[in-house]
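Peer 1: As given, the protein sequences belong to chains A, B, C and D, one line each in that order.
The opening position of the first sequence corresponds to residue 1 in our numbering, with each subsequent residue numbered one higher.
The opening position of the second sequence corresponds to residue 370 in our numbering, with each subsequent residue numbered one higher.
The opening position of the third sequence corresponds to residue 739 in our numbering, with each subsequent residue numbered one higher.
The opening position of the fourth sequence corresponds to residue 1108 in our numbering, with each subsequent residue numbered one higher.
Take this structure first; my questions come after.
4 protein chains.
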Amino acid sequence: MDTNLKQTSAANGREEPQVTIKTSMKALVYHGPGVKSLDAMPKPQIQAPTDAIVRVTKTTICGTDLHILKGDVSSCAPGRILGHEGVGIIDSVGAGVTAFKAGDHVLISCISACGKCEYCRKQMFSHCTTGGWILGNTIDGTQAEYVRTPYADNSLYPIPAGADEEALVMLSDILPTGFECGVLNGKVQPGSSVAIVGSGPIGLAALLTAQFYSPAQIIMIDLDDNRLEVAERFGATQSVNSSDGKATEAVMKLTNGRGVDTAIEAVGIPATFELCETLIAPGGTIANIGVHGTKVDLHLESLWDRNLTITTRLVDTVSTPMLLKLVGADRIDPTRLITHHFALDHILDAYETFGNAAKTKALKVIINT
Amino acid sequence: MDTNLKQTSAANGREEPQVTIKTSMKALVYHGPGVKSLDAMPKPQIQAPTDAIVRVTKTTICGTDLHILKGDVSSCAPGRILGHEGVGIIDSVGAGVTAFKAGDHVLISCISACGKCEYCRKQMFSHCTTGGWILGNTIDGTQAEYVRTPYADNSLYPIPAGADEEALVMLSDILPTGFECGVLNGKVQPGSSVAIVGSGPIGLAALLTAQFYSPAQIIMIDLDDNRLEVAERFGATQSVNSSDGKATEAVMKLTNGRGVDTAIEAVGIPATFELCETLIAPGGTIANIGVHGTKVDLHLESLWDRNLTITTRLVDTVSTPMLLKLVGADRIDPTRLITHHFALDHILDAYETFGNAAKTKALKVIINT
Amino acid sequence: MDTNLKQTSAANGREEPQVTIKTSMKALVYHGPGVKSLDAMPKPQIQAPTDAIVRVTKTTICGTDLHILKGDVSSCAPGRILGHEGVGIIDSVGAGVTAFKAGDHVLISCISACGKCEYCRKQMFSHCTTGGWILGNTIDGTQAEYVRTPYADNSLYPIPAGADEEALVMLSDILPTGFECGVLNGKVQPGSSVAIVGSGPIGLAALLTAQFYSPAQIIMIDLDDNRLEVAERFGATQSVNSSDGKATEAVMKLTNGRGVDTAIEAVGIPATFELCETLIAPGGTIANIGVHGTKVDLHLESLWDRNLTITTRLVDTVSTPMLLKLVGADRIDPTRLITHHFALDHILDAYETFGNAAKTKALKVIINT
Amino acid sequence: MDTNLKQTSAANGREEPQVTIKTSMKALVYHGPGVKSLDAMPKPQIQAPTDAIVRVTKTTICGTDLHILKGDVSSCAPGRILGHEGVGIIDSVGAGVTAFKAGDHVLISCISACGKCEYCRKQMFSHCTTGGWILGNTIDGTQAEYVRTPYADNSLYPIPAGADEEALVMLSDILPTGFECGVLNGKVQPGSSVAIVGSGPIGLAALLTAQFYSPAQIIMIDLDDNRLEVAERFGATQSVNSSDGKATEAVMKLTNGRGVDTAIEAVGIPATFELCETLIAPGGTIANIGVHGTKVDLHLESLWDRNLTITTRLVDTVSTPMLLKLVGADRIDPTRLITHHFALDHILDAYETFGNAAKTKALKVIINT
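This is the structure:
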């Protein structure tokens, strides 16, 4: 594979915009269930006045990318460049883009928002009628040297000078997802009790951001002792290995028989969701983050009178500006989620490592493009 | 059956407290699945300083009473006097009761609240650790000439002079239930769209109280055209007979393909709950009122990314003071829910009428004791 | 004055877009304190890709226009075309406008919103960093045959076919202002008590929209018996003429000595704001709508422990879509606010009538352009 | 002075209930403006079934006690035992008290709540119609060996075994006040910016509890560099000495010209409240904690269109259970507020020290009784 990339170096530690005009680029392409490859693809072009082309400098792999590769995401057709996370440098902008110009360092949101439709007007960017989660799904994504980002003004965020750009890759998706779908929807409050079912990357993102609200208890539940150890280092007050089938009893014991105020589902299978139904206190909230492939049993025969709230959510990324502020203020260190680094040329290895997390202990992997 | 009741008459239109001391009274007693009778029972006595004894003047029958009679409510043992709704006159109060005295006309709440426990302190009276729904369930209820009401100061409400006491029987349970579990939990808002699945008494109570918030659309769904006609008279903007299995399509057509902002489940079976899952708009809320006997399928495989909220609730009766104000201000007429009247001696007929609502067109029946 | 306007007629009851190209138009121009005239002005042109040019069909006069004419609004320079309300037909759109095309009938919002800035992203359009209240203030306004509307996609609203366009002029400013600044900020709730100080057009707009929430009491306070009569017709439950200086006593009597849950200030002078301070109940909210020219006394020596909330707000027009739905559903009739009609050629008479409301009993005047 | 106190010692580190019956006790009595003394007073007796008598083990002095001694609090008559904070051991309870028994270690809330009235039912305990702030105000208080606490079940809190009781004295008033009146009312949020005007004990309590919500910035403002140093140790991100009259400019510089999202007034004079009016961002909230003796200027001529919220509040102590959980979970260390210790016999010295805080650097003083 040969691309006409000419690397430039910059004394100031930030790479300068390229001067050689590229027409081809390397990209990770989905070719149908189980098949992906690093291909030479045409460099994307501005298609609408509100588009920007971003030279991706760092990207990562999401659990959702693995779902696509299993063939579970019907909206994503073969031939698609994957990836919906990353940071980069503006290469060019359409005539309607007013907030960014070539050379600006930007955070790419996994959600594209037109800023005009009924849903955008109620801050529900996830359901933007012409945007939402389209990157690396219905349009080409970020696991490439360049990406076209629609609605740039509402979908990119300026990176403050001096920021750790690698850390900010965690703000494209995983941290806002853990925070919005888990913590905000779960109404975590000072002094409250929280159980997080699933101590993978997204459960850990919920764990890190739940601490913004100072709950008194965060109980982490998983089948893997290694992941539970990580959770305790990340701030869990207690952990429960659920492999003995007695997680509910353990949580009840830890909460004086009451159950938790908030249960966050961060796996996406019936067993874990139904576990949440058994460990929630009256008046509590079950906040679903997991991507589910099948229906679950909702035991209304025992829950109808428990004054519960159950929520689902695709991340809206409304919290991205807030998360940028808290990273800037050193109130959260997103790099704790990063375990491995790869060059784009080795992105297949990155997938291998990320896909075997139980063995590799991978959380998030950074791909330098 | 013979009780030593001595009726008194009062020139002012309100009955005076009795002077003859009663030791026995008539009461509707549950004797196990399918068996009930109007029995002579001992008049209840003050047991705790916070108790009151209320001479019941009017009571009614709830769908939950029918559930008990089917044997579905295991907490309710044979021998129990049924009923958790009604108005009456204070007969006597315990030493700790400060808000009421003999002769006061009171509304009896279906929920008893100690006012002290963790749940009462967060206004979740339904889960009061020593109260909640106990009347006509774990202690004797209101379908009797007298009832002992625990925690009288927090569980009875003074009836303003001149109020229509019959109307207020609807404030014991059905109107706060429709309002809190359906309308408040469902976040009905000015201009929003609402579907109510089930046009029985509780669905109609939700319909009446939803109008407090001026939604633009209230679509009523039921299998019975008669009930839907009632709903249109009560303020539904549209109605859908779901017997053709095409209710979802009908609702989508009525909402320009969007679905409704709020779906209120007012039946209590899987089919109706699952109907709510299909007609709710992204970002919407499904508020369950129905008493369910079996689990339902929650289709997270299609709902995980729809930004939904699902709620369950046993009524807390926190809205009772507000409802009293709105009845006093003529903003709602609860008597629209009342279709039949019976004397206590004919309460078995009242059960017959209420239990055959499809035929009798009964909504709520008043029993004068 | 001569403009090259060529009126066209349309069989379908909606006027067709003009075919003759206009280069001049009639407009009401502010020439400094106390001076205004109907002048020939150049027809506005698209200046930014997000602009639209709207042929104004109906506009109105706002109390704020009178403030400008007194010289109280320093941001508004002589030479400015006044007016920030109206409906019209799209004449042309910039290249970046995607939601509208020539010929579309639109409602013009008094607030222009870029949809991208920090404030727009939190739905605080009033403080849009490049928009906000600019029409008829820092850029030319709607009291003209044509107006340039910046950020058209986020600042215009499509008018549904068949709507009463005259009614919708009330949705440019006065109804969202009464609703957002008074009712929403004032947290009007079912069963609550509300006092509205000032029964002019804006107080009446608060009165009409407060009823969306079914408060038990809405007490209207003014010096003018005629306006109070209007208020009672519009839904006030009680009215108080405050000319005797005893309004507080009257409100206390009407609320059993408690005061009101919500006090809405709809005048804009110290006396009326300070009246709100005295008639508010503990835990209540004072919502300011009035445009104030001087400071007021806030009596914290008596209010510091009263658990009050005081709010100020420039309308964000976030409620415009909701109001459109409620007008469409016949839940509110905005035409009740319209008392007079004028042709644009007689707009000086319209100002005269509107400016002498005590005598003319004018509320809102419609100007057909 | 002679009391018949017989001290007992206990091996378990907790004092046992006394066995000798006391009839007199030592207490700090207010004798009118400027006059106080440590007197022998009758031991209080149960007066209502809901009362408890608590043997006070630790109490403290509040700024409000100094206000009383200046004669500023007209509700507090000469002869009153002062004090509304403390921990102790239940000596005896009335017949209606169900949650506590003799020997229980309890936290005394500064607010007494009947749990039944309109205000208690909406969690506004501060305005309980027969309670509220009565201790050391309209009834005898806690700066004594014993205190009668009305409505014990709703006004005392059980102290968990093993808790640091001295720390919990800070939960009687100062921490819930800082949290509820400042942080909750001020809507402090993750990533938001906060200014606290006044770095005395109550401002520091707001500072400590604001951190429950992880704001990005907490700017502390005071005239005293020593207090600002303390604030920085307690978690302020920046501090501003306002003695040069340029605090607003400094805050604007620290917030990129925007102002803060939340301004907390923690002094109680016009100058500091009016400072808050100048440093608040559009859409922000000014939360008043200070006890004010005179009116302030509210500059509505510049604030009417700024979309502000201003709140006042007497603490409701609704957050006490939450604070107990967070102290138990080591999420906050209240002892950081304690600078001095005295025996009850030296309470006059304690007043001297607390009243000269600028010189003594006193924050809160503990009095062991």
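Yeah, the Cβ is synthetic: ideal placement off N, Cα and C, and Gly gets one too.
Return the chain-ordered list of same chain residues with a C-beta closer than 6 Å to the C-beta of glycine 874 (chain C), the five sequence neighbours on each side being excluded.
Peer 2: Numbered from its first residue, the third sequence carries residue 874 (chain C) at position 136. So the list reads Leu820, Gly821, His822, once near-sequence residues are dropped.
Peer 1: Quick check on this structure: which residue in B:Ala574, B:Leu573, B:Tyr582 has the alpha carbon closest to the alpha carbon of glutamine 558 (chain B)?
Peer 2: By one-based count along the second sequence, residue 558 (chain B) stands at place 189. Per the Cα distances, B:Tyr582.
Peer 1: Contact check, cysteine 424 (chain B) vs tyrosine 515 (chain B) under 8 Å by CB: the rounded distance?
Peer 2: Your numbering for residue 424 (chain B) matches position 55 in the second sequence. Your numbering for residue 515 (chain B) matches position 146 in the second sequence. Checking the sequence, you will find arginine at residue 424 (chain B) rather than cysteine. Right, their Cβ atoms sit about 6 Å apart.
Peer 1: What residues in the segment 572-584 of chain B have a beta carbon less than 7 Å from any beta carbon of chain C?
Peer 2: Among the residues of the segment 572-584 of chain B, those with a Cβ less than 7 Å away from any Cβ of chain C are Phe581, Tyr582, Ser583, in the order of the chain.
Peer 1: On the criterion of 16 or more Cβ atoms from any shown chain inside 10 Å, does alanine 10 (chain A) qualify as buried, or is it exposed?
Peer 2: Here residue 10 (chain A) corresponds to residue number 10 of the first sequence, with the count starting at 1. Note that alanine 10 (chain A) scores 40 on pLDDT, short of 50, meaning its location in the model is unreliable; the coordinates nonetheless yield the value given after this. With fewer than 16 other Cβ atoms within 10 Å, it is exposed.
Peer 1: In three-state terms, what does DSSP make of alanine 719 (chain B)?
Peer 2: For this step, residue 719 (chain B) is matched to residue 350 along the second sequence. Here alanine 719 (chain B) sits in helix by DSSP.
Peer 1: What does the alpha-carbon distance come out to for the pair alanine 1206 (chain D) and phenylalanine 972 (chain C)?
Peer 2: Indexing the fourth sequence from 1 puts residue 1206 (chain D) at position 99. Indexing the third sequence from 1 puts residue 972 (chain C) at position 234. Spanning the two alpha carbons is a distance of roughly 52 Å.
Peer 1: Is it true that the segment 722-738 of chain B meets the segment 428-436 of chain B, where meeting means three or more beta-carbon pairs spaced less than 8 Å apart?
Peer 2: Judged by Cβ distances under 8 Å, the segment 722-738 of chain B makes contact with the segment 428-436 of chain B, as three or more pairs qualify.
Peer 1: Using the Cβ count rule (16 or more neighbours within 10 Å means buried), how would you classify alanine 899 (chain C)?
Peer 2: Translated into positions along the third sequence, residue 899 (chain C) becomes position 161. With fewer than 16 Cβ atoms within 10 Å of its Cβ, alanine 899 (chain C) is classed as exposed.
Peer 1: Taking a Cβ distance cut-off of 8 Å, strictly less, list which residues of the segment 444-465 of chain B are near chain D, in chain order.
Peer 2: Ala464, Gly465
Peer 1: Within 10 angstroms of the Cβ of glutamate 618 (chain B), are there 16 or more other Cβ atoms? Answer buried if so, exposed if not.
Peer 2: Residue numbering aside, residue 618 (chain B) sits at position 249 when the second sequence is read from its first letter. Classification of glutamate 618 (chain B): exposed, given that the 10 Å Cβ count is below 16.
Peer 1: Which of the three DSSP states, helix, strand or coil, is assigned to asparagine 1230 (chain D)?
Peer 2: By 1-based counting over the fourth sequence, the position of residue 1230 (chain D) is 123. According to the sequence as given, residue 1230 (chain D) is glutamine; it is not asparagine. Coil at glutamine 1230 (chain D), not helix or strand.
Peer 1: I'd like the span of the beta strand (DSSP E) that includes valine 1005 (chain C), first residue to last.
Peer 2: As a position in the third sequence, residue 1005 (chain C) is number 267, starting the count at 1. Counting along the chain, valine 1005 (chain C) falls outside any beta strand (DSSP E), and DSSP gives it neither H nor E.
Peer 1: Between glutamine 1318 (chain D) and leucine 597 (chain B), what straight-line distance do the alpha-carbon atoms span, to the nearest angstrom?
Peer 2: Mapped onto the fourth sequence, residue 1318 (chain D) falls at position 211. Mapped onto the second sequence, residue 597 (chain B) falls at position 228. If you take the alpha carbons of glutamine 1318 (chain D) and leucine 597 (chain B), they lie about 54 Å apart.
Peer 1: Does DSSP classify threonine 360 (chain A) as helix, strand or coil?
Peer 2: The sequence position of residue 360 (chain A) within the first sequence is 360, counting from 1. Looking at threonine 360 (chain A) - three-state DSSP - the assignment turns out to be helix.
Peer 1: Note down the Cα distance separating tyrosine 895 (chain C) from serine 812 (chain C), rounded to an integer number of angstroms.
Peer 2: If you number the third sequence from 1, residue 895 (chain C) lands on position 157. If you number the third sequence from 1, residue 812 (chain C) lands on position 74. The straight-line gap from Cα to Cα measures roughly 29 Å.
Peer 1: Just the C-alpha distance for proline 1140 (chain D) and threonine 1245 (chain D), rounded to the nearest angstrom, thanks.
Peer 2: As a first step, residue 1140 (chain D) is located in the fourth sequence; it is residue number 33 there, counting from the start. As a first step, residue 1245 (chain D) is located in the fourth sequence; it is residue number 138 there, counting from the start. If you take the alpha carbons of proline 1140 (chain D) and threonine 1245 (chain D), they lie about 16 Å apart.
Peer 1: How big is the Cα-Cα spacing for alanine 206 (chain A) and leucine 171 (chain A)?
Peer 2: Taking the first residue of the first sequence as position 1, residue 206 (chain A) is located at position 206. Taking the first residue of the first sequence as position 1, residue 171 (chain A) is located at position 171. When rounded, the distance between both Cα atoms is 13 Å.
Peer 1: Using only the alpha-carbon positions, how far apart do alanine 1202 (chain D) and valine 466 (chain B) sit?
Peer 2: Taking the fourth sequence and counting its residues from 1, the one referred to as residue 1202 (chain D) is at position 95. Taking the second sequence and counting its residues from 1, the one referred to as residue 466 (chain B) is at position 97. If I take the Cα positions, the gap works out to 12 Å.
Peer 1: How many angstroms separate the CA atom of leucine 1430 (chain D) from the CA atom of isoleucine 1474 (chain D)?
Peer 2: Mapped onto the fourth sequence, residue 1430 (chain D) falls at position 323. Mapped onto the fourth sequence, residue 1474 (chain D) falls at position 367. Near 22 Å, if we compare the C-alpha coordinates of isoleucine 1474 (chain D) and leucine 1430 (chain D).
Peer 1: Identify whether alanine 1270 (chain D) lies in helix, strand or coil by the three-state DSSP scheme.
Peer 2: As a position in the fourth sequence, residue 1270 (chain D) is number 163, starting the count at 1. Three-state result, alanine 1270 (chain D): coil.
Peer 1: Is it buried or exposed for valine 734 (chain B), if we count other Cβ within 10 angstroms and need 16 for buried?
Peer 2: Residue 734 (chain B) sits at position 365 when you count from the first residue of the second sequence. By the Cβ neighbour-count rule, valine 734 (chain B) is buried, with 16 or more other Cβ atoms within 10 Å of its own.
Peer 1: Does any CB atom of chain C fall closer than 9 Å to the CB of serine 739 (chain B)?
Peer 2: Past the edges of chain B, shown from 370 to 738, lies residue 739 (chain B), and the structure says nothing about it.
Peer 1: According to DSSP, simplified to helix, strand and coil, what is asparagine 226 (chain A)?
Peer 2: Here the question's residue 226 (chain A) lines up with position 226 in the first sequence. Looking at asparagine 226 (chain A) - three-state DSSP - the assignment turns out to be helix.
Peer 1: So, is the C-beta of methionine 862 (chain C) closer than 9 Å to a C-beta in chain D?
Peer 2: Within the third sequence, residue 862 (chain C) is the residue found at index 124, counting from 1. Closer than 9 Å: yes.
Peer 1: Tell me whether the segment 1391-1402 of chain D and the segment 1036-1045 of chain C touch, counting them as touching only if at least three CB pairs, one residue from each stretch, are closer than 8 Å.
Peer 2: yes
Peer 1: Is it buried or exposed, glutamine 414 (chain B), if we count other Cβ atoms within 10 angstroms and call 16 or more buried?
Peer 2: Position 45 of the second sequence, counting from 1, holds the residue named residue 414 (chain B). By the neighbour-count rule (16 or more Cβ atoms within 10 Å), glutamine 414 (chain B) is not buried but exposed.
Peer 1: What are the start and end residues of each continuous beta strand (DSSP E) run of 3 or more residues lying completely inside the segment 664-727 of chain B, in chain order?
Peer 2: 665-667, 678-680, 707-712
Peer 1: Helix, strand or coil: how does DSSP classify threonine 64 (chain A) here?
Peer 2: The residue you call residue 64 (chain A) lines up with position 64 of the first sequence. Helix, per DSSP.
Peer 1: Measure how close the beta-carbons of alanine 350 (chain A) and isoleucine 61 (chain A) come, nearest whole angstrom, since I'm counting them as under 8 Å.
Peer 2: What you label residue 350 (chain A) is simply residue 350 of the first sequence in a count that begins at 1. What you label residue 61 (chain A) is simply residue 61 of the first sequence in a count that begins at 1. Right, their Cβ atoms sit about 6 Å apart.
Peer 1: How would you label leucine 348 (chain A), buried or exposed, when you count the other beta carbons within 10 angstroms and need 16 or more for buried?
Peer 2: Translated into positions along the first sequence, residue 348 (chain A) becomes position 348. By the 10 Å Cβ count, leucine 348 (chain A) comes out exposed.
Peer 1: Using DSSP with H/G/I as helix, E/B as strand and the rest coil, what is tyrosine 951 (chain C)?
Peer 2: Position 213 of the third sequence, counted from the start, is the residue given in the question as residue 951 (chain C). Correct three-state label for tyrosine 951 (chain C): helix.
Peer 1: Within this structure, are the beta carbons of alanine 513 (chain B) and threonine 428 (chain B) separated by less than 9 Å?
Peer 2: Numbered from 1 along the second sequence, position 144 holds the residue referred to as residue 513 (chain B). Numbered from 1 along the second sequence, position 59 holds the residue referred to as residue 428 (chain B). Closer than 9 Å, so yes.
Peer 1: Tell me whether glutamine 47 (chain A) is buried or exposed, calling it buried when 16 or more other Cβ atoms sit within 10 Å of its Cβ.
Peer 2: By 1-based counting over the first sequence, the position of residue 47 (chain A) is 47. Answer is exposed; the Cβ neighbour count stays below 16.
Peer 1: Along the chain, where does the beta strand (DSSP E) that runs through proline 282 (chain A) open and close?
Peer 2: Start at 1 with the first residue of the first sequence, and residue 282 (chain A) comes out as number 282. Here the beta strand (DSSP E) through proline 282 (chain A) covers 280-288.
Peer 1: I think valine 456 (chain B) touches isoleucine 477 (chain B), with their Cβ atoms under 8 Å apart; what is that distance to the nearest whole Å?
Peer 2: The residue you call residue 456 (chain B) lines up with position 87 of the second sequence. The residue you call residue 477 (chain B) lines up with position 108 of the second sequence. Contact check for valine 456 (chain B) and isoleucine 477 (chain B): beta-carbon distance about 7 Å, within the 8 Å limit, so the pair qualifies.
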